[in-house]
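Enquirer:
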Amino acid sequence: MTNLITSTKNVSLTGDQKVDGLFSGTAWDGTITYAFPTFSTSYSYAGEKDWGFSAISSQQQSFALFFMEQSYGNTANDGFSVEGFTNANFQAGSAETASVRFAQSWMPPTAWAYYPDTPEAGGDVWFGTSYAGTEVDLRFPEFGNYAGHTLVHELGHALGLKHAHEPIYFDNSTVVPSAYDSLEYTVMTYRTFVGDDTTSGYKYEHDGAPQSFMMLDIAALQEMYGADYTTNSGNTVYKWNPNQGITYVNGVAAITPDANRIFATIWDGGGIDTYDLSAYTTNLTIDLRAGGYSVFSQGQLADLGGGPNNGYARGNIFNALLYHNNVASLIENVQAGSGDDTIVGNEANNTLWGNAGNDSLSGGTGVDTLIGGTGNDTYFVDNAADVVTENASEGTDTVRATASYTLGANVENLTFIGTGAFSGIGNGLANTITGGASTDTLLGGAGNDTLDGGAGADTLLGGAGDDTYIVDNASDSVTENASEG
1 MTNLITSTKN
11 VSLTGDQKVD
21 GLFSGTAWDG
31 TITYAFPTFS
41 TSYSYAGEKD
51 WGFSAISSQQ
61 QSFALFFMEQ
71 SYGNTANDGF
81 SVEGFTNANF
91 QAGSAETASV
101 RFAQSWMPPT
111 AWAYYPDTPE
121 AGGDVWFGTS
131 YAGTEVDLRF
141 PEFGNYAGHT
151 LVHELGHALG
161 LKHAHEPIYF
171 DNSTVVPSAY
181 DSLEYTVMTY
191 RTFVGDDTTS
201 GYKYEHDGAP
211 QSFMMLDIAA
221 LQEMYGADYT
231 TNSGNTVYKW
241 NPNQGITYVN
251 GVAAITPDAN
261 RIFATIWDGG
271 GIDTYDLSAY
281 TTNLTIDLRA
291 GGYSVFSQGQ
301 LADLGGGPNN
311 GYARGNIFNA
321 LLYHNNVASL
331 IENVQAGSGD
341 DTIVGNEANN
351 TLWGNAGNDS
361 LSGGTGVDTL
371 IGGTGNDTYF
381 VDNAADVVTE
391 NASEGTDTVR
401 ATASYTLGAN
411 VENLTFIGTG
421 AFSGIGNGLA
431 NTITGGASTD
441 TLLGGAGNDT
451 LDGGAGADTL
461 LGGAGDDTYI
471 VDNASDSVTE
481 NASEG
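Going by UniProt numbering, the first residue of the sequence shown is number 1, and it counts up by one from there.
1) Tell whether a beta-carbon distance below 7 Å holds between ASN295 and THR285.
2) Over what stretch of residues does the alpha helix (DSSP H) that includes ALA219 continue unbroken?
3) Look at GLY426 and ILE433 and say whether their C-beta atoms are less than 7 Å apart.
4) In angstroms, rounded to a whole number, what distance separates the CA positions of LEU429 and THR351?
5) State buried or exposed for GLU412, treating a residue as buried only when at least 16 other CB atoms are found within 10 Å of its CB.
6) Taking C-alpha atoms, which residue in ASN283, PRO210, LYS239 lies nearest to ALA259?
7) Compare the C-alpha of ASP397 against each of THR374, ASP386, TYR405, ASN87 and name the closest.
8) Helix, strand or coil for ALA147? Go by DSSP, reduced to three states.
9) Extract the residue ranges of the alpha helix (DSSP H) inside the segment 58-87, only unbroken runs of 4 or more that lie entirely within it.
10) Please list the segments of the beta strand (DSSP E) lying wholly inside the segment 228-300, counting only runs of 3 or more residues, in order along the chain.
11) Would you mind reading off the limits of the alpha helix (DSSP H) that contains ASP20?
12) Quick check: LEU321 and GLY291, are their CB atoms within less than 7 Å of each other?
13) Less than 8 Å between C-beta atoms, sequence neighbours within five positions excluded: which residues of the same chain meet that for ASN11?
14) Are SER178 and GLN104 closer than 7 Å when you measure CB to CB?
15) Tell me which same chain residues have a C-beta within less than 7 Å of the C-beta of THR236, skipping the five on either side of it?
16) Rounded to the nearest angstrom, how far is the Cβ of THR31 from that of ASN89, given a contact under 8 Å?
17) May I ask you to list the residues that DSSP assigns as paired with ILE371?
18) Label SER99 either buried or exposed according to how many other C-beta atoms from any shown protein chain fall within 10 Å of its C-beta, with 16 as the threshold for buried.
19) Express the C-alpha separation of VAL194 and ILE317 in angstroms, rounding to a whole number.
20) Roughly how far, in whole angstroms, is the beta-carbon of residue 496 from the beta-carbon of ALA164, given that I think they are within contact range, below 8 Å?
21) Going by alpha carbons, who is nearest to TYR323 out of GLU120, ASN358, TYR229, GLY305?
22) Return the first residue and the last residue of the beta strand (DSSP E) that TRP28 is part of.
23) Between the Cα of SER475 and those of GLY456, ALA253, THR129, THR8, spot the shortest distance and give me the residue it belongs to.
24) Thinking just about the alpha-carbon of each residue, which of GLY234, SER57, ASP440 is nearest to the one in PHE127?
25) Would you say THR118 and ILE5 are within 7 Å of each other, going by their C-beta atoms?
26) For the putative contact between ASP386 and ASN358, defined by C-beta atoms under 8 Å, what is the C-beta separation to the nearest angstrom?
27) My understanding is that TRP106 touches GLU154, with C-beta atoms under 8 Å, so please give their C-beta distance in whole angstroms.
28) For THR198, which residues of its own chain have a beta-carbon under 7 Å away from its beta-carbon, when the five flanking residues on both sides are left out?
29) Using only alpha-carbon positions, find the residue among VAL344, ASN309, PHE213 that is nearest to TYR275.
30) Output needed for GLY453: all residues of its chain with C-beta closer than 7 Å, excluding positions within five of it in sequence on either side, in chain order.
31) Within 10 angstroms of its Cβ, does ASN3 collect 16 or more other Cβ (buried), or is it exposed?
32) According to DSSP, is SER12 part of a helix, a strand, or is it coil?
33) Comparing C-alpha positions only, which one of LEU216, GLN300, ASN333 sits nearest to ASN243?
34) Would you kindly work out how many angstroms separate the C-alpha atoms of ASP29 and GLY424, rounded to a whole number?
35) For MET1, name the three-state secondary structure that DSSP assigns.
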């Protein structure tokens, strides 16, 4: 393309409408250079430069660098940069020939940017100045405000992303499905929430915009430029607290918004990683699955001004999608707080700490370690190798299993919730073990146990102790040895 030092490439559709709905059709092919011109003469084409040209503010430059360059700022920032979650390579270039250039002009009513395939202007980002001096002054981007959202949105265009809600006829008529067309999934839509219109402007509160590229943006940019698994590839800890909206990475602040709001997506390159919510006393809802989202505190949810979740974002933190089914980017572990928490794992080998409170822990597929802590905890187990850890006197706990299972120490109850035959084995406590609809074998062990095989011809072995058997089938078999109670 004329005056473009970096060549461009065509981007093919993947068949996934959620991702395809963001492709403009072209991307940069090679090192992406950037610049912040200070003179209108750096531009060879007429238009914006001729209408009140000015350089962008230092705050805009810093914000742009945060989202482009992995090397900018401290290492906590890395995973939120395009260079950090894709294989794109950014490099400072000249004001005359850089691939992506940022400047201000009177011409745009808000802001606009050109896709990589536009001759001469390709990749250029222009911010309007009509908002100067107002609450939404584009010169002062912050994490979560309109100016910050605008900059990330326009950078997305300059890298090859189109609007989620808007087809490009003859190039890409695909739009993001309506269930995903909101700021919770992409910064590239005009819809603040699912079901919003595209003509009346964003509805979010002053600091209620996304604080990062969101999961569909990350997925689309990775399809265009590849996925980077070297960023945060060690054992990374992501931590939040209820008093600030700050996202900490390995103890260092990465995202520091003005308000106490958390609204971002995490991409992680690998390692054994942890979401640390141990400072919270609220009832957490944590979902580690790819594309899932977690709620730490209702008070930290962004107010979107409408939508299906009583007007609020459905989560505080969203998980990136898997790139080509590679599970390396999953988060493995959770440290919960002191509330009654609900934690759902993923296909990795998860370690989930419920800590205090009556927690519900579900590891998902994988060999998981579930540690409830104090309180009456419920464990969902789908693998006989899952480990449930409870200390003495930490409450009355229950395992709900879809596979045969043996209770570990200090867990009282076992209930089968799967299908087919089940083998359930108790411990030295007074266990209540409940089977399912098939032919089950239940062994109470020591303690005063209650065994209920459910429907089916079951085998019930109480072991030592004063045991109770619930029999509802004439073919049920109850076995007790002499002197066992």
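All C-beta atoms in this analysis are idealised placements derived from N, C-alpha and C, irrespective of residue type, glycine included.
Expert: Quick answer:
1) For this step, residue 295 is matched to residue 295 along the sequence shown. For this step, residue 285 is matched to residue 285 along the sequence shown. Strictly speaking, residue 295 in this sequence is Val, with Asn absent from that position. A contact, by the Cβ cut-off of 7 Å.
2) Working through the sequence shown from its first residue, we reach residue 219 at position 219. It spans 215-225 - the alpha helix (DSSP H) in which ALA219 sits, taken as one unbroken run.
3) In the sequence shown, residue 426 corresponds to position 426, counting from 1. In the sequence shown, residue 433 corresponds to position 433, counting from 1. Result yes, Cβ atoms of GLY426 and ILE433 sit closer than 7 Å.
4) Within the sequence shown, residue 429 is the residue found at index 429, counting from 1. Within the sequence shown, residue 351 is the residue found at index 351, counting from 1. Looking at the two C-alpha atoms, the distance is approximately 25 Å.
5) For the purposes of this step, residue 412 is identified with residue 412 of the sequence shown, where counting begins at 1. Looking at its Cβ environment, which holds 16 or more other Cβ atoms inside 10 Å, GLU412 is buried.
6) On the sequence shown, position 259 is the one that residue 259 refers to. Cα-wise, what sits closest to ALA259 is PRO210.
7) Position 397 of the sequence shown, counted from the first residue, corresponds to residue 397. Looking at the Cα atoms, THR374 is the closest of the given residues.
8) Taking the sequence shown and counting its residues from 1, one reaches residue 147 at position 147. If DSSP states are grouped into helix, strand and coil, ALA147 belongs with the helices.
9) 58-68, 82-85
10) 237-239, 247-249, 252-255, 264-266, 274-276, 285-287
11) For the purposes of this step, residue 20 is taken as residue 20 along the sequence shown, with counting starting at 1. From DSSP, the alpha helix (DSSP H) with ASP20 extends over 17-20.
12) Here the question's residue 321 lines up with position 321 in the sequence shown. Here the question's residue 291 lines up with position 291 in the sequence shown. In contact: LEU321 and GLY291 (Cβ atoms closer than 7 Å).
13) By one-based count along the sequence shown, residue 11 stands at place 11. First, the residue type needs correcting, since residue 11 is Val and not Asn in the sequence shown. Excluding residues within five positions, the ones whose Cβ falls inside 8 Å are PHE23, SER24, GLY25, THR26, ALA27, GLY160, GLU223, MET224.
14) As a working note, residue 178 is residue 178 in the sequence shown. As a working note, residue 104 is residue 104 in the sequence shown. Not closer than 7 Å, so no.
15) Position 236 of the sequence shown, counting from 1, holds the residue named residue 236. Here the set comprises VAL249, ASN250, ASP268, GLY271, ASP273.
16) Numbered from its first residue, the sequence shown carries residue 31 at position 31. Numbered from its first residue, the sequence shown carries residue 89 at position 89. So it is a contact: roughly 5 Å between Cβ atoms.
17) Against the sequence shown, residue 371 aligns to sequence position 371. BP columns for ILE371 point to TRP353, THR389.
18) Taking the first residue of the sequence shown as position 1, residue 99 is located at position 99. Buried is the call here.
19) For the purposes of this step, residue 317 is identified with residue 317 of the sequence shown, where counting begins at 1. For the purposes of this step, residue 194 is identified with residue 194 of the sequence shown, where counting begins at 1. Those two C-alpha atoms are separated by around 17 Å.
20) Residue 496 falls outside the range modelled here, since the chain spans only 1 to 485, and no answer is possible.
21) By 1-based counting over the sequence shown, the position of residue 323 is 323. Taking only the C-alpha atoms, the option nearest TYR323 is TYR229.
22) Along the sequence shown, read from residue 1 onward, the residue named residue 28 stands at position 28. Where TRP28 is concerned, the enclosing beta strand (DSSP E) stretches over 26-29.
23) By one-based count along the sequence shown, residue 475 stands at place 475. Per the Cα distances, GLY456.
24) Stepping through the sequence shown from its first residue, residue 127 is reached at position 127. Nearest of GLY234, SER57, ASP440 to PHE127, Cα basis: SER57.
25) Counted from its first residue, the sequence shown places residue 118 at position 118. Counted from its first residue, the sequence shown places residue 5 at position 5. The answer is no: Cβ separation not under 7 Å.
26) Residue numbering aside, residue 386 sits at position 386 when the sequence shown is read from its first letter. Residue numbering aside, residue 358 sits at position 358 when the sequence shown is read from its first letter. About 20 Å; that fails the 8 Å criterion.
27) Taking the first residue of the sequence shown as 1, we reach residue 106 at position 106. Taking the first residue of the sequence shown as 1, we reach residue 154 at position 154. With a Cβ gap of about 17 Å, TRP106 and GLU154 do not count as contacting.
28) Translated into positions along the sequence shown, residue 198 becomes position 198. Only HIS165, TYR190, ARG191 meet the Cβ criterion.
29) As a working mapping, residue 275 is identified with position 275 in the sequence shown. Among VAL344, ASN309, PHE213, the Cα nearest to that of TYR275 belongs to VAL344.
30) Working through the sequence shown from its first residue, we reach residue 453 at position 453. Same-chain partners within the cutoff: GLY435, ASP440, LEU442, LEU460, ASP476.
31) By one-based count along the sequence shown, residue 3 stands at place 3. The pLDDT assigned to ASN3 is 45, lower than 50, so where the model puts this residue is not dependable, and the model offers no usable value.
32) Counting from 1 along the sequence shown, the entry for residue 12 is found at position 12. Residue state, collapsed to three classes: coil.
33) The residue given as residue 243 occupies position 243 in the sequence shown. That would be GLN300, whose Cα lies nearest to the Cα of ASN243.
34) By 1-based counting over the sequence shown, the position of residue 29 is 29. By 1-based counting over the sequence shown, the position of residue 424 is 424. Approximately 58 Å, taken between the alpha carbons.
35) Taking the sequence shown and counting its residues from 1, the one referred to as residue 1 is at position 1. Low confidence applies to MET1: its pLDDT is 35, below 50, so where it sits in the model is not reliable, and the reading given next is rough at best. The answer is coil: DSSP assigns MET1 none of H, G, I, E or B.
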